[in-house]
Structures are given as C-alpha cells and as structure tokens.
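Asker:
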Amino acid sequence: MRNGTLLILNGPGLADSDALASDTVKVNSLEQIRSACERLCADLDVDLDFRQTDDQDRMIDWIRNEANGFDALVINPMGCAKTSPVDYPRYVQDLDVLASLSIPVTEIHLTNVLRFDADTFSMLRGPLNKTAFVSGLGLDSYLLAIRAASRQISGGAR
Amino acid sequence: MKLLVINGPNLNLLGTREPDIYGHETLNDIAARCIDLGATHSLEVKFVQSNHEGQLIDWIQDARDTTDAIVINAAAFTHTSVAIHDALKCYDGFKVELHISNPHMRESFRHVSYVSTAVDAVIMGLGVDGYEHAVNAVAGKLID
Numbered sequence: 032m033r034n035g036t037l038l039i040l041n042g043p044g045l046a047d048s049d050a051l052a053s054d055t056v057k058v059n060s061l062e063q064i065r066s067a068c069e070r071l072c073a074d075l076d077v078d079l080d081f082r083q084t085d086d087q088d089r090m091i092d093w094i095r096n097e098a099n100g101f102d103a104l105v106i107n108p109m110g111c112a113k114t115s116p117v118d119y120p121r122y123v124q125d126l127d128v129l130a131s132l133s134i135p136v137t138e139i140h141l142t143n144v145l146r147f148d149a150d151t152f153s154m155l156r157g158p159l160n161k162t163a164f165v166s167g168l169g170l171d172s173y174l175l176a177i178r179a180a181s182r183q184i185s186g187g188a189r
Numbered sequence: 019m020k021l022l023v024i025n026g027p028n029l030n031l032l033g034t035r036e037p038d039i040y041g042h043e044t045l046n047d048i049a050a051r052c053i054d055l056g057a058t059h060s061l062e063v064k065f066v067q068s069n070h071e072g073q074l075i076d077w078i079q080d081a082r083d084t085t086d087a088i089v090i091n092a093a094a095f096t097h098t099s100v101a102i103h104d105a106l107k108c109y110d111g112f113k114v115e116l117h118i119s120n121p122h123m124r125e126s127f128r129h130v131s132y133v134s135t136a137v138d139a140v141i142m143g144l145g146v147d148g149y150e151h152a153v154n155a156v157a158g159k160l161i162d
C-alpha cells in the first residue's frame, strides 16, 4: 500500500482469550484486536502483517530475520508475565535484538504494566531515538501505536 | 468533558532546549494543537506549565473537582517526586503519563518513574506528537 508496511507482533499468552477478558482492559480476544488493527490500517493505507506466537524463540526469529523488511514494528511482547510459560529472563535478554533494528519500534501493552507488574516488568530496549512505549489503553494501545507508526512512516512525525 | 494537560520543569523552553531530543515546536504551538484537537472531540483542553513542584501538586489537587482527566508530563520531577505520585493517587479521574522522548532509552537516572505507578496509562517516545495522541486517548476513554 502507499503508506508503507507495518509489522505487529504479539508474544506468548496473548492468544489466551480468558486471560484477556479477565484483564483490567476487558478485551475479548486477539481476533477482536486484529480486526480493529486491520480496519485502521486500511483507513491509513498501511499494509499490516499481524502475528502472534506462544513460542519465544519464534518471536526472536521474526524480529531478527524479518522485522527490518517492514517500515515500522509494533510489539506487545507477552501477556501476563506471572502466568506465561516463557523463560522470562532469557526472553527479555533475547529481545535485546530489538536494539539492532533500523526501523521505529513501539512497545505496547494493554494494561499499565509499569503500575500493575512493576516488580517483574522489564522495559525493552529498541533502536536509539526510535523506541516508543504505550501502555494502559487497552485496544487503544494498538490503535495509537498504529497511528504513530503511520506518521513515522510517512515522515510526518514531529 | 474537561482535560488538564500539566507540564513540568524546563518544558517552557521547548523549541530551544536540545531540539534534537525535544523538537523545534514551542509549548504554545503544542497547546494550540491540543486545544483544537480536543474541540473536535467536544473535549475542553486546558494546558499549563510550571517549573515548581508545589504548583504542579496544587494543579493536580484542584483538578479533582474540575476535570475529568489529566495528562501529565512531569519532566524531571517524574524521577524524583513522591509528592506528585501521592497527589496523582488522590485523583480519581483518568490519568496519562506522557514524555516526548523515551526516558528508559536515556541516562539511568531517568529510568525510575514515580508517576508511572500512579497513572492509568503511559505514552513515551513519540515526540511532541505524543501530546495529540494523548488527547485522542483521553477522548477515546471519556467520550467516543
């Protein structure tokens, strides 16, 4: 599409509808999120690739081998860190690969993880001056990040 | 519906202060954009700035009876002010922490935020556009 390509990656636990619905943000399912993201990207004329995996190694592979082929990356690295099956310290360490990317990266979360998971949460480190963070807005965390990425891609960001 | 956008120390120098980090727009430019954007959502936006911690606390306290949401860029007080944290905890409306740059990508002394643990949502690193994104987020929460 005319306004570039966007990759949205969803990590382990984010396909768990029960966990999402019981969360403070009351999102029903990842499919609900996907549909809303697809609608907004169509409106903005942005080509969207929306993915989810419960496999932390696959997530790292996507970032390392494919992300730079897009114009921007939005990443929700995982659902609740306390209940997710991932090896969290190793996963966070592996996610350092984000810093090697050349495209804008926005880390997003449905809830304000800095408030509710403050003891366990580690913020990701992406490329210098190209890393943003949005949390606590539920579905709107995704939509805000898409609008921001669209401006970044078009060169209209200020 | 009413939104108060509170700005902390040194943000009055926007446009001249380290423009490679904070951009070339002045705070007045940003305020005008936010007020206009708010009007499209029927959201009345008031925009304030102070270099003084106590003034920021007074504004947060006064907002309890007069506004439906706060967007706060506490700037350097983010990393030091338990008093601002406490004031925000006493505010029951919707609260968004905002930063132009991403403090977690900068010096380690900016990695602690006393604001993040007292708000509903956090937006960082989207440049001065972050203000408009925050206004839209508040409108989405309160109105749309």
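Those protein sequence lines, which keep their order, are chains E and G. So that you can map any letter, position 12 of the first sequence is 43 in the working numbering, and since no number is skipped, the others follow by simple counting. So that you can map any letter, position 71 of the second sequence is 89 in the working numbering, and since no number is skipped, the others follow by simple counting. Think of the CB as a built atom: it goes at the ideal place given N, C-alpha and C, for glycine as much as any other residue. Source: prediction; values computed, not measured.
Give the interface partners of Met154(E) over in chain G, defined as CB-CB distance under 7 Å, in chain order.
Answerer: His122
Asker: Candidates Leu155(E), Arg95(E), Ala50(E): which alpha carbon is nearest Asn107(E)'s?
Answerer: Leu155(E)
Asker: Given a threshold of 16 other Cβ atoms within 10 Å of its Cβ, counted over all protein chains shown, does Asp238(G) qualify as buried or as exposed?
Answerer: The shown model of chain G, from 19 to 162, leaves out residue 238(G), and the question about it has no answer.
Asker: How about the region 29-41 of chain G and the region 114-133 of chain G: do they share at least three Cβ pairs that are nearer than 8 Å?
Answerer: yes
Asker: Given 7 Å as the limit, tell me if Cys108(G) has its C-beta closer than that to any heavy atom belonging to the ligand ZN.
Answerer: This structure does not include the ligand ZN; it has no bound ligands of any sort.
Asker: What number of angstroms, rounded off, separates the C-alpha of Ser185(E) from the C-alpha of Arg33(E)?
Answerer: 9 Å
Asker: Cα separation between Gly41(G) and Gly187(E)?
Answerer: So the alpha carbons of these two residues sit roughly 13 Å apart.
Asker: One question on the structure: do Phe112(G) and Asp138(G) come within less than 8 Å of each other, judged by their Cβ atoms?
Answerer: yes
Asker: On the DSSP bridge list, what partners appear for Thr36(E)?
Answerer: As DSSP reads the structure, Thr36(E) sits in a beta bridge with Asp78(E).
Asker: So if I threshold CB-CB distances at 7 Å, which residues from the region 37-54 of chain G count as touching chain E?
Answerer: Gly41, Glu43
Asker: Against Gly158(G), what residues of chain E qualify as contacts under a CB-to-CB distance less than 7 Å, listed in chain order?
Answerer: Asp171
Asker: Is it true that the CB of Ile161(G) sits closer than 8 Å to the CB of Val246(E)?
Answerer: The structure shown does not extend to residue 246(E), since chain E spans only 32 to 189, so no value can be given for it.
Asker: Counting only the same chain and skipping the five closest in sequence on each side, list residues whose C-beta sits under 8 Å from that of Asn99(E).
Answerer: Leu132, Ser133, Ile134
Asker: Cβ of Ser166(E) less than 8 Å from any chain G Cβ?
Answerer: yes
Asker: With a threshold of 8 Å between beta carbons, is Leu116(G) in contact with chain E?
Answerer: Not an interface residue.
Asker: Does the Cβ of Gly72(G) have 16 or more other Cβ atoms within 10 Å, making it buried, or fewer, making it exposed?
Answerer: exposed
Asker: Counting only runs that start and end within the region 29-78 of chain G, where is the beta strand (DSSP E) found for 3 or more residues in a row?
Answerer: 62-67
Asker: So what's His140(E) in DSSP terms, helix, strand or just coil?
Answerer: In the three-state DSSP reduction, His140(E) falls in the strand class (E or B).
Asker: Between Trp93(E), Gly35(E), Asn41(E), which has its C-alpha nearest Tyr173(E)'s C-alpha?
Answerer: Asn41(E)
Asker: Note down, in chain order, every chain G residue with its Cβ under 7 Å from the Cβ of Ala188(E).
Answerer: Gly145, Asp147
Asker: With a threshold of 8 Å between beta carbons, is Val23(G) in contact with chain E?
Answerer: Not an interface residue.
Asker: If you count every other CB in all the chains shown that lies within 10 Å of the CB of Gln67(G), and 16 or more means buried, which is it?
Answerer: buried
Asker: Rank Arg128(G), Leu61(G), Ile78(G), Asn28(G) by C-alpha distance to the C-alpha of Lys159(G) and give the top, closest one.
Answerer: Minimum Cα distance to Lys159(G) is reached at Leu61(G).
Asker: For Val63(G) and Arg182(E), I'd like the C-alpha separation in whole angstroms.
Answerer: 23 Å
Asker: For a cutoff of 8 Å on Cβ pairs, would you count Thr162(E) as touching chain G?
Answerer: With 8 Å as the cut-off, Thr162(E) counts as an interface residue toward chain G.
Asker: If I measure Cβ to Cβ from Tyr149(G) and keep anything under 6 Å in the same chain, skipping five residues before and after, which residues do I get?
Answerer: Ile48, Cys52
Asker: For the putative contact between Ile177(E) and Leu38(E), defined by C-beta atoms under 8 Å, what is the C-beta separation to the nearest angstrom?
Answerer: Their Cβ separation, rounded to whole angstroms, is 11 Å, which puts Ile177(E) and Leu38(E) out of contact at 8 Å.
Asker: Counting along the chain, where does the alpha helix (DSSP H) carrying Asn154(G) start and finish?
Answerer: Its alpha helix (DSSP H) spans residues 147-160.
Asker: Which residues share a DSSP beta bridge with Gln83(E)?
Answerer: Asn41(E)
Asker: Give the residues from the region 131-142 of chain G that approach chain E closer than 8 Å (Cβ to any Cβ), ordered along the chain.
Answerer: Listed by position, the residues of the region 131-142 of chain G near chain E (Cβ gap below 8 Å) are Ser131, Ser134, Thr135, Ala136, Val137, Asp138, Ala139, Val140, Ile141, Met142.
Asker: Is there a Cβ of chain G sitting closer than 8 Å to that of Ala179(E), yes or no?
Answerer: yes
Asker: I'd like to know if Ala87(G) contacts chain E, where contact means its C-beta is closer than 8 Å to some C-beta of that chain.
Answerer: Between Ala87(G) and chain E, the shortest Cβ-Cβ separation is not below 8 Å.
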